[in-house]
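Here is the structure we will look at.
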Amino acid sequence: MGVSPAVRDDENVWLAIFASMLGVSLFLLVLLCHWEASNSRKNLTWGSIPGPQDHDLS
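Position one of the sequence shown corresponds to residue 863 (my numbering), numbered consecutively onward.
What follows is the structure, given as structure tokens:
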């Protein structure tokens, strides 16, 4: 419809780059959340729910 194939190819490349960066960002976010969750549980007993009593305020 008046759009040259080269323009569509450029848009596809930018869409692929954006999708790849979004995927990598989400993967790193999940990795960070899992790392944070595993490190925050070191002082807790198995099955306990973290609350104010679990934080060292001294």
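For every residue, glycine included, the Cβ atom is placed at its ideal position computed from N, Cα and C.
Quick caveat, the model's predicted, so the values are computed rather than measured.
Cα-Cα separation, residue i to residue j
i, j, result
"E873", "S902", "43 Å"
"L884", "H896", "18 Å"
"I879", "D871", "12 Å"
"W876", "S900", "36 Å"
"L894", "V886", "12 Å"
"V892", "A881", "17 Å"
Cβ-based neighbour list, residue i, same chain, cut-off 8 Å, excluding 5 preceding and 5 following
i, result
"V869", "none"
Three-way DSSP call (helix, strand, coil) for residue i in this model
i, result
"S866", "coil"
Nonlocal neighbours in the same chain, by C-beta distance under 7 Å from residue i, ignoring five residues either side
i, result
"E898", "none"
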